[in-house]
Amino acid sequence: MILLHSAVFAAGGDYGTDTVFMAGAGSRPDAMGGAFTAVADDLSAMHYNPAGLVNIKKQELSLLYYPLYESMSYGSAAYGQAILDFGTIGASLFRFTAGDIQGYDADENKTSVFGSEQYKAILSYAKKIRRGLSAGANLDIYYFNISRFNYAGFGADAGLLYEPFSFLRLGLMARNIITPVFSMQYDTETLPRLYTLGLLVKHSAAGYRFMAACDISAGESEGFKYRAGIEISRADTAAVRAGYGNGEITFGAGLSLYDIRFDYAYVSNRYFGRMDRFTLSYAFGMTVEEQRAQRRRLIYNEVRKIVDEKIRIKIREEADARYNRAYHHFRNGRHEEALAEIHKALEWKRDHEQSLKMKKVLEDALKEKLRSGVKAGITGASGRYVSAGIELYEKMQYDEAIKQWEQALKITPGDKAVRSLILKAQNAMKSASKRAQLTKEERDMADRMYYIAVNSYTSGDLKGAVELWKKVLAIDPDDIKTLRNLQKAQAELEELAKRGIE
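Just so we're aligned: the sequence shown equals residues 33 to 534 in my numbering.
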């Protein structure tokens, strides 16, 4: 029968249990004698072991052309893509054409010339099951056109790929587990099952990679067959290959530049002699890692928009609360306490309009209050120090204010009003925020950790930033800037966790 027994089908790749499409699916595996079941790391995996599609890093397109005998030719186009959190999909279309064939009747008299075309489409899916183990499956669709007769059939294949160690990989391919059935004019044909076990040993050193592979296969209607091949590549740019399978010696080479790869195979066929095979492949798009990074960036941007709005509301609420406390102190004549709350409100929201207005009122009132208390003591050089101290006191720089007033006391040692100001500043320092009581070393340490946390946050290490900001707050619990950033980072982590990102 033409479908299964033409000598053409034995051309470089016939296992004896399939159609012409066993001729191969790529110059690279052909150059390795067809021992590709455990290698399976490019689009050829759809044919040799669909589980190997998980090894495709980017989107990939491959075109192959095999000139056969006289007007006969064989070619295919294949495409594969790794999809984040889904697996890898692939599709390929193979075409064999025999050109014009002279027909004969039962008495060997010439009849009309007819053509023959055969097509096979493969839809593939592969996914990593766990570390080192992947599985894949093919849906095969056949269509044959011979003279005025058309035939179609469907089948399925399955494969496994297991890599227990970095230097060792095992592959298993079960072909035609759903057997294609072809209804002919007077008969029905099926494609028997074929099982192939593959072994790959690989090693890398000094920029070179060495691979040795072998396959052993057995079908329902035949015994064991063996294939073996090797590949030596340099920096994923150039490779040489050789192999042996089905009584044929093969060899070839490959060259990769800028995601474009050209592969060539030479097959010494026992029927037709030398056969040249060519494959052109192109990789493009993003890798799975790049897809994952892009998705993470998109989620981060979405989360930050949500959190920014929540924090904006939170900041407004905190500033309003501080303002209300300040207003309460102001109504009760506690100007220093009111000003301290206003400063905290402005730390939460520096453009808080109500707090800015009250700050001006409080500073003027406090200045007048202090000046009126020491009016009699302000004379000559002493007065300049007193005035400078009052300006610093308004800014809550109590330690610097005390220094100015101590200078005034050196000029007028008996000035009770200035002593009163110093006592007032000392009491204010005791009730001030903890930061005002920190040593220089503590402040420097807190500042260093704060900016390290900022760098961690901007680089995406939210957990690291949270831990550092907590340490800053342990030193200075009243550091509102740090508290604000900590709340934002914690809110982002919470939103990311809702979306499955830890």
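We treat Cβ as the ideally placed atom computed from N, Cα and C, and that holds for glycine.
Check                                                                                                                                                                                       : Outcome
Taking 8 Å as the limit between beta carbons, can you name the residues of its chain near Y20, skipping five residues before and five after?                                                : The chain is shown only over 33 to 534; residue 20 falls outside these bounds and no answer can be derived.
Figure out for me which residue from Y276, T269, K337, A123 has the closest Cα to the Cα of G286.                                                                                           : T269
Taking L122 and L75 to be in contact with their CB atoms under 8 Å, please state how far apart those CB atoms are, rounded to whole angstroms.                                              : Position check: residue 122 holds Gly in this sequence, whereas Leu was assumed. That belief holds up - the Cβ atoms of G122 and L75 are roughly 7 Å apart, short of 8 Å.
Tell me which residues share the same chain as F539 and place their Cβ nearer than 6 Å to its Cβ, disregarding the 5 neighbours each side in the sequence.                                  : For the chain, the structure presents residues 33 to 534; residue 539 sits outside this window and is missing.
Using a Cβ-Cβ cut-off of 6 Å (strictly less than) and excluding sequence neighbours within five positions of E252, which residues of its own chain qualify?                                 : P224, R225
As a quick exercise: from M64, I507, L193, R162, pick the residue whose alpha carbon is nearest that of E278.                                                                               : Note on identity: in this sequence residue 278 is Asn, with Glu being the wrong assignment. It is M64.
Just verifying my parser: in three-state terms, what is the DSSP assignment at V71?                                                                                                         : coil
In the DSSP assignment, the beta strand (DSSP E) including M481 goes from what residue to what residue?                                                                                     : Note, M481: premise wrong, no beta strand (DSSP E); alpha helix (DSSP H) at 472 to 490.
Does V52 pass the burial test, meaning 16 or more other C-beta atoms within 10 Å, or should it be called exposed?                                                                           : buried
With distance defined between alpha-carbon atoms, name the residue in L518, L289, L204, L93 nearest to A250.                                                                                : L204
Hey, D316 and K90 are a contact pair by Cβ (cut 8 Å); roughly how many whole angstroms apart?                                                                                               : First, the residue type needs correcting, since residue 316 is Phe and not Asp in the sequence shown. So it is a contact: roughly 6 Å between Cβ atoms.
Taking just the CA atoms, how far does A521 sit from Q436?                                                                                                                                  : 42 Å
Secondary structure at H384, three-state DSSP: helix, strand or coil?                                                                                                                       : coil
For A351, is the classification buried or exposed, using 16 other Cβ atoms within 10 angstroms of its Cβ as the cut-off for buried?                                                         : buried
Give the single residue among N208, S414, R241 whose Cα lies nearest to the Cα of D447.                                                                                                     : S414
Assuming K152 contacts I173 under a Cβ cut-off of 8 Å, what Cβ separation, rounded to an integer in Å, is found between them?                                                               : 7 Å
Please go through the same chain and pick out, in chain order, the residues whose beta-carbon is closer than 8 Å to the beta-carbon of D396, but skip the five residues on each side of it. : none
For a quick check, are the C-beta atoms of L112 and L85 less than 7 Å apart?                                                                                                                : Per the sequence presented here, residue 112 reads as Gly, with Leu not at that position. Their beta carbons are under 7 Å apart, which means G112 touches L85 by this criterion.
Rounded to a whole number of angstroms, what is the C-alpha to C-alpha distance between F128 and Y183?                                                                                      : 14 Å
Run the CB neighbour count on E334, radius 10 Å, all protein chains shown included, and call it buried at 16 or more, exposed below.                                                        : exposed
Compare the Cα-Cα distances from K513 to each of V299, K234, I343 and report the closest residue.                                                                                           : I343
Have a look at M33 and M54 and give me their C-alpha separation to the nearest angstrom.                                                                                                    : Confidence in M33 is poor, its pLDDT being 41 and thus under 50, which makes the residue's placement too unreliable to answer from.
Using DSSP's beta-bridge definition, name the partner residues of N182.                                                                                                                     : N177
Note down, in chain order, each residue of its chain lying with its Cβ closer than 6 Å to the Cβ of R201, except the 5 sequence neighbours on either side.                                  : A70, E195, L232
Does N301 come out as helix, strand or coil in the three-state DSSP assignment?                                                                                                             : strand
Considering only the beta carbon of each residue, do A57 and A260 sit closer than 7 Å?                                                                                                      : no
By DSSP, does A267 sit in helix, in strand, or in coil?                                                                                                                                     : coil
Could you tell me which of S94, D117, I115, L116 sits nearest to G107, measuring between CA atoms?                                                                                          : S94
Am I right that E524 and R336 are in contact with their C-beta atoms under 8 Å? What's the rounded C-beta distance?                                                                         : 6 Å
From K530, E534, E499, A529, pick the residue whose C-alpha is nearest to that of L518; which is it?                                                                                        : E499
Grab me the residues of I434's own chain with a C-beta within less than 6 Å of its C-beta, minus the 5 sequence neighbours each way, in chain order.                                        : I454, A457
From this set, R60, F176, S387, which residue's C-alpha is nearest V213's C-alpha?                                                                                                          : F176
If distances are taken between C-alpha atoms only, which option among D62, I115, M104 comes closest to N87?                                                                                 : I115
Exposed or buried, which one is F126 when buried takes at least 16 other CB atoms within 10 Å?                                                                                              : buried
Starting from D352, trace the alpha helix (DSSP H) in both directions and tell me its first and last residue.                                                                               : 320 to 363
If you draw a straight line from the alpha carbon of N170 to that of R207, how long is it in whole angstroms?                                                                               : 9 Å
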